């Protein structure tokens, strides 16, 4: 690769560019006139009896435009990059222009997000403009895993119910989006063995009132007490500090069938929600959190707005 | 094009040298300014009427109002074209294609029948050149006066006249640029913006750009646009055939040309009808001599016909020494009826029938256009959701577009194979106003889409697939929209999608 990083190639390209442009000018000059027989009776080219070649000259300004494009290119190359490693007088770059435009766009939307930053999540969920904005953010960044309707799918929590892994208050929702979450259930296969896993699975099913083998439930309760209560609690109601799911309700992240639960117990689960702090920023996350809050807290009158400052616009 | 071509620019710039030697000949030349003489007559009247008609339409339409908005507005930022009652979306781009097809076919048709009619009477280049020349004539006088003025040394009068002319040209050009931009940015707000010096950068740019183009093309470039720049000028020539009506000098009748007194008997002098007055050359806006036959510079404006007819009338000769005729007619001395019969030749009939077909099809398509468009987008990541008790949910996004200018009440329902038992649109989302069962369909959801806008709704479909349902089932969303315009029309859009069932 060293031959491509050598400074020689910068000069090579630069010289080639300039020489080519000057050669264009020389070519134009050469092609602006031609030699013809001075005797008008002797026309050089005749086809099909009477079809002759004549000179229908183009206007002079036409060729001047060609020369002007050459002048333009030379001036351009002084101000913009194009000659090897020459950065140009204006020091322009595409990434620089992109950064500028992003900065400008951010400044444009900043007042809107400032207005929303003053509202709490319930007020945001009731504000049509914030809701529309939140929905677009949700569809762009969240719907891939949580579905367009926020209903989730296997392994991705449903956001439209009142059941929260890490809590559904403002701080918890925002912390989840900003910093992400990593919910880990360690694999218990080696510790419990096949029978132990089956027993505990039956016990877990019995916690939410699903059909289960009574004998296995009794044995499974002991297994549960010995291995699971640290995270899921003695009553199986989970722990929002750890993101350990409540096992006594009808909400199942991976599925309620016995084989699925056994798989969870034996192999464990590793569930990751990526952090969006650097990516979206606090202001957008606030609006997004309002939208997510609204998904499960529908109905009821909109809460009064402080001083009407967020009047629908 | 064969036969009538004669050398026009024969070695114009060649410097005579020694016999048999070679000389350098420039392939570029400085343009010689054309001072075309004013002309009146039948065809000039037609051109003037078309100038007035097209310009009234162009300058006037922008100011018309419709439904409390500009009647004709091409809102590029909002991606909506408003044409009176019609609102076209990017999805309706096919109509623009149809319009272009119609324009092209019309050009073919008219060119095959009577040559460059478009160039001579309706092309903006001709129309604005005509307007600018009219100003020029009012300020500087006719051909002779203008030539004298240009040759005269600088004087206060000359400066005054030139300044007046250019000021008027610039004013007309600016108004044209303003009107043009007014079709893309509401013209009333644009006018206000100018009054407050508050135009946006692009509005300013396009206003000045279009004004400059008008001023430059109609004031300075004129016939050069047609000669050197316009592609239509050239390819129309390729559509001529020996039965195409073109502006023709009747050489058989005109030659031997020569001046004579009005009382002299031309025949005894051995002269034809052409008195060689040169008026036809003086009035020509492209500076050619039509007596040399058909030339690529001829834009078919018929100014030479009007001018020659006046001379012929003065000489008490029959008019029509220069006239619309065809190559065949001149060669074979055909009369008008014969020329007319030749007009219905296969080429013309084919152009006409295709054109009629396209016009009818486009009109029908526009009349039957449904102002409700629906796109169904399946969620791609989570294909299906098992919600227990044998029930499956699939998630879709419906993009519902209301192209009318009234709020539209929209009902969404779904139909599918009977293996999908209890198939329902389920959406507890607040976008929908609730469930309704007025049409005997289960799970009908209604919502209101604001005028000229798009609403995106996530939709859940819930079903209980039977054992015979397979892995994937075709389903149809039926979207019925009723615009709140008092007419009570209901539009329907049926979109296919699929319902996926995970393995059990």
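Chains as they are written, first to last, in the numbering used here: chain A, 26 to 338; chain B, -4 to 499.
Even glycine gets a Cβ: it sits at the ideal position worked out from N, Cα and C.
These figures come from a predicted structure and were not determined experimentally.
{"Item": "Short Cβ contact (7 Å threshold) for residue 94 (chain B) with residue 105 (chain B)", "Value": "no"}
{"Item": "Residue 440 (chain B) - DSSP class collapsed to helix/strand/coil", "Value": "strand"}
{"Item": "Inter-stretch contact at 8 Å, needing at least 3 Cβ pairs: the stretch 334 to 347 of chain B / the stretch 62 to 79 of chain B", "Value": "no"}
{"Item": "Residues that residue 219 (chain B) contacts on chain A, provided the C-beta gap is smaller than 8 Å", "Value": "84"}
{"Item": "Residues bridged to residue 42 (chain A) [DSSP beta-bridge criterion]", "Value": "None, per the DSSP bridge assignment."}
{"Item": "Residue burial classification, residue 141 (chain A) (beta-carbon count within 10 angstroms, cutoff 16)", "Value": "buried"}
{"Item": "Buried versus exposed, by CB contacts within 10 Å (16 or more), residue 231 (chain B)", "Value": "buried"}
{"Item": "Endpoints, alpha helix (DSSP H) assigned at residue 44 (chain B)", "Value": "37 to 56"}
{"Item": "Secondary structure, alpha helix (DSSP H): runs of 4+ residues fully inside the stretch 259 to 300 of chain B", "Value": "261 to 264, 274 to 278"}
{"Item": "Test item: CB-CB of residue 38 (chain B) and residue 300 (chain B) under 7 Å", "Value": "yes"}
{"Item": "For residue 407 (chain B) and residue 420 (chain B), the rounded distance between their alpha carbons", "Value": "8 Å"}
{"Item": "Simplified DSSP assignment, three categories, for residue 372 (chain B)", "Value": "strand"}
{"Item": "Beta-bridge pairing of residue 70 (chain B) - partner residues as DSSP gives them", "Value": "B:75"}
{"Item": "Local Cβ density within 10 Å of residue 172 (chain A), reported as buried at 16 or more and exposed below that", "Value": "buried"}
{"Item": "Residues within the stretch 149 to 173 of chain A neighbouring chain B, beta-carbon criterion of under 9 Å", "Value": "156, 160, 161, 164, 168, 169, 170, 171, 172, 173"}
{"Item": "Proximity test, Cβ basis, 7 Å: residue 376 (chain B) and chain A", "Value": "yes"}
{"Item": "Contiguous alpha helix (DSSP H) assignments of at least 4 residues, all confined to the stretch 208 to 234 of chain A", "Value": "214 to 232"}
{"Item": "Cβ-Cβ distance between residue 442 (chain B) and residue 405 (chain B) below 7 Å", "Value": "yes"}
{"Item": "Proximity winner among B:220, B:356, B:319, B:214, relative to residue 126 (chain B) (alpha-carbon distances)", "Value": "B:214"}
{"Item": "Touching by the beta-carbon criterion (3+ pairs, under 8 Å), the stretch 274 to 286 of chain A and the stretch 194 to 207 of chain A", "Value": "no"}
{"Item": "Per-residue DSSP class, three states only, for residue 412 (chain B)", "Value": "coil"}
{"Item": "Cβ distance (whole Å) where residue 179 (chain B) is taken to contact residue 69 (chain B) below 8 Å", "Value": "5 Å"}
{"Item": "Residue 199 (chain B) - DSSP class collapsed to helix/strand/coil", "Value": "helix"}
{"Item": "Three or more C-beta pairs below 8 Å linking the stretch 161 to 177 of chain B and the stretch 200 to 220 of chain B", "Value": "yes"}
{"Item": "Sequence-distant residues of the same chain with beta carbon closer than 7 Å to residue 491 (chain B), five excluded per side", "Value": "469, 471"}
{"Item": "Residue 279 (chain B) versus residue 312 (chain B): straight-line alpha-carbon distance, rounded", "Value": "22 Å"}
{"Item": "Cross-chain neighbours of residue 57 (chain A) in chain B, by beta carbon under 8 Å", "Value": "21, 22, 23"}
{"Item": "Alpha carbon of residue 245 (chain A) to alpha carbon of residue 226 (chain A), nearest angstrom", "Value": "7 Å"}
{"Item": "Residues of its chain near residue 389 (chain B), where Cβ-Cβ distance is below 7 Å and the 5 sequence neighbours each way are ignored", "Value": "379, 456, 494, 495"}
{"Item": "Interface partners of residue 388 (chain B) on chain A, CB under 8 Å", "Value": "176"}
{"Item": "Alpha helix (DSSP H) segment containing residue 162 (chain A), residue limits", "Value": "153 to 166"}
{"Item": "Neighbour-count burial assignment, residue 304 (chain A), 16 or more Cβ in a 10 Å radius", "Value": "exposed"}
{"Item": "Exposure of residue 32 (chain B), with buried meaning 16 or more beta-carbon neighbours within 10 Å", "Value": "buried"}
{"Item": "Counted within 10 angstroms of its Cβ, other Cβ atoms place residue 295 (chain B) as buried (16 or more) or exposed", "Value": "buried"}
{"Item": "Contact set for residue 446 (chain B): own chain, Cβ-Cβ below 8 Å, skip 5 residues either direction", "Value": "397, 399, 400, 401, 402, 403"}
{"Item": "Endpoints, alpha helix (DSSP H) assigned at residue 143 (chain A)", "Value": "Careful: residue 143 (chain A) lies outside any alpha helix (DSSP H) and carries neither H nor E."}
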